[in-house]
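Numbering (our numbering), first residue to last: 132 to 676.
Next comes the structure, spelled out in structure tokens:
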């Protein structure tokens, strides 16, 4: 997320420039949108007891890796986890049938391979033989069935339950084979099955009488040791791991929510790795590189976008929406908000990934004269003003947007609401423009599905309606061949751009940094996890620490 302090200089600078340029009929700038990935708030966990696994002697090896997290770890239950820090630590101990590789393609994890019927509705997964849980028991098809039962049990509160309602039936065909039959949605199935470890295969021994996780027993490269909520999470190497056995003895994550504290801990060597560096500090590290610190900016599939309310004036008018699109300067916004490290774009799919659609961006560059021409055509030759219900998270974003839109004669009167009011009025479509962001995108439907008329999230895109888009969404979802599905989603993007349904502005990078003594760590641009097929912390050594 965006550090509030890092923007102040740029906000003042941009507003000053705008004031000067507007007197000389200057050029306009961009708008924004953020649908929070991990849409739940951190949970206060003070006073909770430490959760500990059964003690076990440690094998000598490659030392202890210490990471610094910006956010609280909320749960060790992979089926209910949603927060950013949960997504980092849980894949160390839990695994699913499939996972996203660093190349953006799906790889087998606990499933060695899978077959799909011609109609895309029957999926047969062939499990790896000899995979052991951390308690020494072999993982079999019965454990997959148990895990699916738990995810689909409404009492669990599993994150993927609604998505897995598309599963009509599932059964074990033997100790190492599982068959699932879908009602529909074959095209999105792998992306949902492999979203982090939200569909992890867990040992039934993990679950207590109340249905919650009491002692985490997974199959991952590290074995859970303890969790001190709000403070520290610890795991150790699992020596009987089915794949590359980790070289590290232990992995420890400390909760360091303050940006300065977290960065200082890295600079002093208190921690080996940190997540989320403020962008101004990332730029400073880029400009003044250190032999002691490695910095990576990872451009994942994520986006910040501006949504229009299509159900009422003035933004039910296509020419008005085009005026806004022409008035937005994506590059300037990137400089002001993200110190230039973001990636201005017209889609949330990172260049170089399989998901990226080869569709040109007609609003890549600002055109203030064209914006004014669109307003005149729409019947607003002198511009207009409107009210904004702003989320507190986007307060500074709206300052930039106000300044940019004003150059085209569009006045945004911003009222910052608390989160609850913002959500309530949002769902009632009582808004004109809405800023939102989105990440965790493993399939086109994660983003474009909001534009379907029947979607429960359609309020986030202003109740947009287009029958052709809905038909193409159904086609894409039900197409198990992703190459063919990509064609449908490419058509969708073309239509959305023609309608100016939303304005995709830019993608934020995932900024990570680590000490130079961390060897063999190659971050995965496809997701936040620190473990993935063929890479991650189980390949890391600490040399010269």
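Ideal placement from N, C-alpha and C gives every residue a C-beta, glycine not left out.
Nothing here was measured: the structure is a model prediction, and the numbers come from that model.
Sheet register partners of residue i (DSSP bridge)
| i | result |
| --- | --- |
| residue 641 | 429 |
| residue 80 | Outside the displayed range of the chain (132 to 676) lies residue 80, so it cannot be described from this structure. |
| residue 630 | Residue 630 pairs with nothing; no bridge assigned. |
| residue 615 | Answer by DSSP bridge pairing: none, since residue 615 is not bridged. |
| residue 195 | 381 |
| residue 246 | 255 |
| residue 667 | 662 |
| residue 646 | 424 |
| residue 229 | 239 |
| residue 405 | 199, 644 |
| residue 679 | Residue numbering for the chain in the displayed model covers 132 to 676; residue 679 lies beyond these limits and cannot be assessed. |
| residue 635 | 436 |
Contact under 8 Å by Cβ, residue i with residue j
| i | j | result |
| --- | --- | --- |
| residue 626 | residue 600 | yes |
| residue 409 | residue 517 | no |
| residue 497 | residue 527 | no |
| residue 317 | residue 224 | no |
| residue 401 | residue 384 | no |
| residue 193 | residue 673 | yes |
| residue 441 | residue 593 | yes |
| residue 639 | residue 473 | yes |
| residue 266 | residue 377 | no |
| residue 607 | residue 619 | yes |
| residue 258 | residue 308 | yes |
| residue 582 | residue 632 | yes |
| residue 272 | residue 305 | yes |
| residue 313 | residue 302 | no |
| residue 485 | residue 236 | yes |
| residue 229 | residue 321 | yes |
| residue 368 | residue 355 | no |
| residue 546 | residue 519 | yes |
Residue i versus residue j: straight-line alpha-carbon distance, rounded
| i | j | result |
| --- | --- | --- |
| residue 344 | residue 291 | 17 Å |
| residue 397 | residue 420 | 14 Å |
| residue 666 | residue 652 | 8 Å |
| residue 436 | residue 429 | 19 Å |
| residue 541 | residue 457 | 12 Å |
| residue 92 | residue 216 | The requested residue 92 does not occur in the structure, where the chain is confined to residues 132 to 676. |
| residue 509 | residue 453 | 10 Å |
| residue 502 | residue 539 | 6 Å |
| residue 250 | residue 319 | 14 Å |
| residue 549 | residue 274 | 43 Å |
| residue 578 | residue 589 | 11 Å |
| residue 351 | residue 523 | 38 Å |
| residue 188 | residue 471 | Note on residue 188: pLDDT 38, under 50, position unreliable in the model; the coordinate value appears next. Taking the straight line from one Cα to the other gives about 49 Å. |
| residue 210 | residue 248 | 27 Å |
| residue 553 | residue 260 | 50 Å |
| residue 514 | residue 603 | 36 Å |
| residue 231 | residue 243 | 14 Å |
| residue 476 | residue 370 | 44 Å |
| residue 642 | residue 412 | 10 Å |
| residue 191 | residue 379 | Confidence in residue 191 is poor, its pLDDT being 39 and thus under 50, which makes the residue's placement unreliable; the coordinate value appears in the next sentence. Going by the C-alpha atoms only, they are around 9 Å apart. |
| residue 507 | residue 544 | 21 Å |
| residue 647 | residue 387 | 20 Å |
| residue 492 | residue 634 | 10 Å |
| residue 465 | residue 346 | 45 Å |
| residue 650 | residue 671 | 6 Å |
| residue 399 | residue 654 | 22 Å |
| residue 252 | residue 324 | 14 Å |
| residue 310 | residue 287 | 23 Å |
| residue 584 | residue 330 | 28 Å |
| residue 664 | residue 422 | 29 Å |
| residue 394 | residue 197 | 13 Å |
| residue 562 | residue 591 | 10 Å |
| residue 269 | residue 570 | 35 Å |
| residue 245 | residue 234 | 19 Å |
Whole-angstrom C-beta distance between residue j and residue i, which should lie under 8 Å
| i | j | result |
| --- | --- | --- |
| residue 295 | residue 276 | Going by Cβ atoms, the distance from residue 295 to residue 276 rounds to 13 Å, so no, they are not a contact pair. |
| residue 349 | residue 256 | Not confirmed; about 18 Å, so no contact. |
| residue 206 | residue 212 | 5 Å |
| residue 644 | residue 424 | 6 Å |
| residue 338 | residue 227 | Actually they do not touch by this definition, with Cβ atoms about 17 Å apart. |
| residue 451 | residue 536 | Not really, about 11 Å apart at Cβ, beyond 8 Å. |
| residue 199 | residue 405 | 4 Å |
| residue 478 | residue 241 | Between residue 241 and residue 478 the Cβ distance is about 32 Å, and since that is not below 8 Å, they are no contact. |
Below-8 Å beta-carbon distance, residue i vs any chain C residue
| i | result |
| --- | --- |
| residue 410 | Of the chains in the structure shown, none is chain C; there is only one protein chain. |
Margin query: What ranges does the beta strand (DSSP E) occupy inside the segment 416-494, keeping only unbroken runs of at least 3 residues that lie completely in it?
Written below: 424-429, 434-439, all fully within the segment 416-494.
Note to self: My parser needs the beta strand (DSSP E) runs of 3 or more residues fully inside the segment 306-392; what are they?
What the structure shows: Fully contained in the segment 306-392 are the following beta strand (DSSP E) runs of length 3 or more, in chain order: 308-313, 353-359, 363-368, 381-386.
Checklist line | Segments assigned beta strand (DSSP E), at least 3 residues, entirely inside the segment 251-309 | finding: Counting whole runs of 3 or more residues, the segment 251-309 contains the beta strand (DSSP E) stretches 253-258, 298-305.
Next item on the list: Run through the segment 502-585 for me and flag every whole alpha helix (DSSP H) of 4 or more residues, listed as ranges in chain order.
Entry: For the segment 502-585, the continuous alpha helix (DSSP H) assignments of 4+ residues that do not extend past its boundaries occur at 526-537, 550-558, 576-579, in sequence order.
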